[in-house]
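This report concerns only the one structure given below.
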Amino acid sequence: MPITASPAANAAPARLKVRKNINALNAQELTNLRRAIKESIGLKDKRSYEYFASWHGVPLGWCQHHNPLFLPWHRAYLYWLELALQSQVPGVTLPWWDTSTAAAIPGPYSVAQADGGDNILAKAPINVFGAAHQSGWPTETSRSPGEVRQSPTPPFAQEWANAMKADNFTDFSRLIWTLHDNVHVWVGGTMGQLDWAAFDPLFFAHHTNIDRAWRIWQSAHPGGTPPADILDQSMQTDPAMTVRAVLDVTRLGYEYAGTQSTVPGSA
Amino acid sequence: MQRWTSQALALSRNNWKRADLEFEGVEHDGASFVMHVFLNNPDADDTTPHTAEQRYAGYLTVFAHGDCWGDVGHCDIPEPVSAFDRRPPHSLIPFDATLEITEAISALPEDTSEFTVTVLAFNKHDDETGVLRFKELTLLTYE
Numbered sequence: 014m015p016i017t018a019s020p021a022a023n024a025a026p027a028r029l030k031v032r033k034n035i036n037a038l039n040a041q042e043l044t045n046l047r048r049a050i051k052e053s054i055g056l057k058d059k060r061s062y063e064y065f066a067s068w069h070g071v072p073l074g075w076c077q078h079h080n081p082l083f084l085p086w087h088r089a090y091l092y093w094l095e096l097a098l099q100s101q102v103p104g105v106t107l108p109w110w111d112t113s114t115a116a117a118i119p120g121p122y123s124v125a126q127a128d129g130g131d132n133i134l135a136k137a138p139i140n141v142f143g144a145a146h147q148s149g150w151p152t153e154t155s156r157s158p159g160e161v162r163q164s165p166t167p168p169f170a171q172e173w174a175n176a177m178k179a180d181n182f183t184d185f186s187r188l189i190w191t192l193h194d195n196v197h198v199w200v201g202g203t204m205g206q207l208d209w210a211a212f213d214p215l216f217f218a219h220h221t222n223i224d225r226a227w228r229i230w231q232s233a234h235p236g237g238t239p240p241a242d243i244l245d246q247s248m249q250t251d252p253a254m255t256v257r258a259v260l261d262v263t264r265l266g267y268e269y270a271g272t273q274s275t276v277p278g279s280a
Numbered sequence: 002m003q004r005w006t007s008q009a010l011a012l013s014r015n016n017w018k019r020a021d022l023e024f025e026g027v028e029h030d031g032a033s034f035v036m037h038v039f040l041n042n043p044d045a046d047d048t049t050p051h052t053a054e055q056r057y058a059g060y061l062t063v064f065a066h067g068d069c070w071g072d073v074g075h076c077d078i079p080e081p082v083s084a085f086d087r088r089p090p091h092s093l094i095p096f097d098a099t100l101e102i103t104e105a106i107s108a109l110p111e112d113t114s115e116f117t118v119t120v121l122a123f124n125k126h127d128d129e130t131g132v133l134r135f136k137e138l139t140l141l142t143y144e
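One line per chain: the protein sequences are A and B, in this order.
First residue of the first sequence: 14, per this note's numbering; consecutive thereafter.
First residue of the second sequence: 2, per this note's numbering; consecutive thereafter.
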């Protein structure tokens with residue numbers, strides 16, 4: 014059954030977009046995802062993937078970590094990027110990489126070739142939006158799993174389970190960022206550096222999973238809102254959003270699904 | 002690998018149900034790192050097993066910013082320029098990292114009245130200093 018919600022008081026109910034496990038995407042959905050990112054990377058204006066990548070670290074540095082804005086800010090971030098990708102390829106959604114069960118980087122993000130060319134999900138160019146290239150800046154993404162000795166290795170089932178046991182938002186946020194930081198540090202390379210990480214498309218599969226974790230936890234804890242003093246705080250995105258505006262994913266037009274199977278109707 | 006051992010922390014055996022170590026004011030302006038924590042094991046090194054017998058208490062990872070890429074002063078944390086300065090906090094403001102150690106601390110001998118914390122901190126450069134930088138360490142117990 015399609016999931017529907019009312020996006021605004023004066024609008025008709027709309028079907029929500031479904032975010033899926035990366036391993037559940039069919040060939041066409043993977044092609045669409047790669048095409049959306051590739052076409053977005055080719056743009057030189059604020060619709061570009063690199064504009065969005067630039068929000069996180071170099072050069073804008075708007076991201077929030079290790080504080081109560083961590084989950085809300087990244088939900089807003091994914092929301093705006095997903096809309097930009099959908100403007101390139103209608104219907105495309107951000108897939109998640111379930112690092113609570115996966116022991117490696119998923120195939121769609123690691124195979125070197127796809128669609129008859131270089132796989133943009135495996136390696137992407139780094140062109141900092143609105144800034145001339147500086148000496149020492151990377152020009153393309155890289156990964157180096159396990160580059161930090163004795164860094165925890167996936168899957169992070171225990172860390173996921175610990176977070177899900179939290180009975181309040183602050184504890185959940187703190188515990189899920191253990192899993193979050195683990196993944197960044199384990200992947201290494203571009204993903205291991207906060208200021209560059211978002212240039213790697215794998216970043217968004219990782220953060221979609223973190224957002225999914227929050228969504229699952231929220232479903233089990235309906236009253237588990239962030240601290241009252243940040244609910245109306247304006248978060249730096251373009252355009253800005255409040256924390257309150259991102260609490261309900263159905264109001265943002267998406268939901269998470271384990272599986273989806275659709276067949277043509279009778280018309 | 003950087004090894005750091007704390008001064009002794011006082012341990013009360015009152016009726017607490019949970020114990021946390023709080024690393025306050027952790028700096029995150031360098032390379033990302035992982036820190037493994039041992040209790041009363043100042044000789045722990047990178048060959049020490051992460052086991053209860055070695056009084057291993059757990060780990061924390063810190064996803065950090067990496068080297069400064071901006072102009073001179075970019076990574077300096079500024080003070081507000083006025084009472085009307087409503088700019089968001091600087092992204093490099095240190096944060097507090099919490100490690101729950103209930104199980105590890107409960108496993109210490111009954112007559113333990115104080116204990117030290119040894120941290121082994123690793124980054125991709127395998128630096129021996131400057132990996133973990135923080136202001137102070139606190140043991141918090143909750144009834």
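Glycine included, C-beta positions come from ideal geometry on N, C-alpha and C.
Provide the residue span of the alpha helix (DSSP H) that contains residue i, from first to last.
i, result
"Glu-95(A)", "83-101"
"His-69(A)", "62-69"
"Glu-172(A)", "170-177"
"Thr-1(B)", "The shown model of chain B, from 2 to 144, leaves out residue 1(B), and the question about it has no answer."
So what does DSSP say about residue i, is it helix, strand or coil?
i, result
"Met-248(A)", "strand"
"Arg-225(A)", "helix"
"Trp-70(B)", "coil"
"Asn-36(A)", "helix"
"Met-14(A)", "Note that Met-14(A) scores a pLDDT of 45, beneath 50, so its modelled location is shaky and nothing firm can be said."
"Met-204(A)", "helix"
"Gln-126(A)", "strand"
"His-79(A)", "coil"
"Ala-211(A)", "helix"
"Gly-120(A)", "helix"
"Phe-216(A)", "helix"
"Val-259(A)", "helix"
"Ala-233(A)", "helix"
"Ala-280(A)", "coil"
"Tyr-28(A)", "The identity of residue 28(A) in the sequence shown is Arg, whereas the question assumes Tyr. Three-state DSSP puts Arg-28(A) in a strand."
"Thr-130(B)", "coil"
"Leu-192(A)", "helix"
"Thr-114(A)", "coil"
"Glu-54(B)", "helix"
"Trp-109(A)", "strand"
In angstroms with no decimal places, state the Cα-to-Cα distance between residue i and residue j.
i, j, result
"Ser-113(A)", "Phe-169(A)", "4 Å"
"Arg-153(A)", "Ser-114(B)", "It should be noted that the sequence gives Glu, not Arg, for residue 153(A). Distance between the alpha carbons of Glu-153(A) and Ser-114(B): 53 Å."
"Trp-17(B)", "Ala-174(A)", "23 Å"
"Ala-65(B)", "Val-71(A)", "13 Å"
"His-75(B)", "Ala-45(B)", "37 Å"
"Gln-246(A)", "Leu-109(B)", "44 Å"
"Met-14(A)", "Lys-33(A)", "Here Met-14(A) scores only 45 on pLDDT, less than 50, and its place in the model should not be relied on; the value that follows carries that caveat. Their backbone Cα atoms lie some 16 Å apart in a straight line."
"Tyr-62(A)", "Met-248(A)", "20 Å"
"Trp-230(A)", "Ser-164(A)", "26 Å"
"Leu-138(B)", "Thr-49(B)", "23 Å"
"Asp-77(B)", "Ala-53(B)", "41 Å"
"Pro-90(B)", "Asp-242(A)", "16 Å"
"Trp-75(A)", "Ala-127(A)", "32 Å"
"Leu-98(A)", "Gly-149(A)", "30 Å"
"Ala-37(A)", "Ala-270(A)", "10 Å"
"Leu-10(B)", "Val-27(B)", "19 Å"
"Gly-120(A)", "Ala-137(A)", "16 Å"
Over what stretch of residues does the beta strand (DSSP E) that includes residue i continue unbroken?
i, result
"Phe-123(B)", "118-124"
"Trp-5(B)", "3-6"
"Glu-23(B)", "19-27"
"Phe-39(B)", "34-40"
"Gly-59(B)", "57-63"
"Leu-141(B)", "137-143"
"Glu-268(A)", "267-269"
Exposed or buried, which one is residue i when buried takes at least 16 other CB atoms within 10 Å?
i, result
"Gln-77(A)", "buried"
"Leu-96(A)", "exposed"
"Thr-119(B)", "buried"
"Ser-53(A)", "buried"
"Pro-252(A)", "exposed"
"Gly-205(A)", "buried"
"Ile-94(B)", "exposed"
"Thr-62(B)", "buried"
"Leu-325(A)", "Outside the shown range of chain A (14 to 280) lies residue 325(A), about which nothing can therefore be said."
"Asp-127(B)", "exposed"
"Gly-31(B)", "buried"
Examine the ligand COA and report whether any of its heavy atoms sits within less than 8 Å of the Cβ of residue i.
i, result
"His-66(B)", "Because no ligand of any kind appears in the structure shown, any question about the ligand COA cannot be addressed here."
### Query
Would you call the segment 92-108 of chain A and the segment 43-54 of chain A in contact, with 3 or more CB pairs under 8 Å?
yes
### the segment 106-123 of chain B in contact with the segment 8-28 of chain B per 3-pair CB rule at 8 Å
yes
### At least three beta-carbon pairs within less than 8 Å, the segment 81-94 of chain A to the segment 194-207 of chain A
no
### Query
At a cut of 8 Å, does the segment 203-212 of chain A reach the segment 222-236 of chain A through at least three beta carbon pairs?
Flag = no, the segment 203-212 of chain A and the segment 222-236 of chain A do not touch.
### Task
Count the C-beta pairs between the segment 35-46 of chain A and the segment 177-190 of chain A that are closer than 8 Å, then say yes if the count reaches three, no if not.
Contact fails between the segment 35-46 of chain A and the segment 177-190 of chain A, because fewer than three Cβ pairs, one in each stretch, are under 8 Å apart.
### Task
Could you tell me whether the segment 154-161 of chain A touches the segment 198-207 of chain A, using the rule of 3 or more Cβ pairs below 8 Å?
Contact between the segment 154-161 of chain A and the segment 198-207 of chain A is present: three or more C-beta pairs spanning the two stretches fall below 8 Å.
### Task
Answer yes if the segment 26-37 of chain B comes into contact with the segment 122-135 of chain B, meaning at least three C-beta pairs across the two stretches below 8 Å, and no otherwise.
yes
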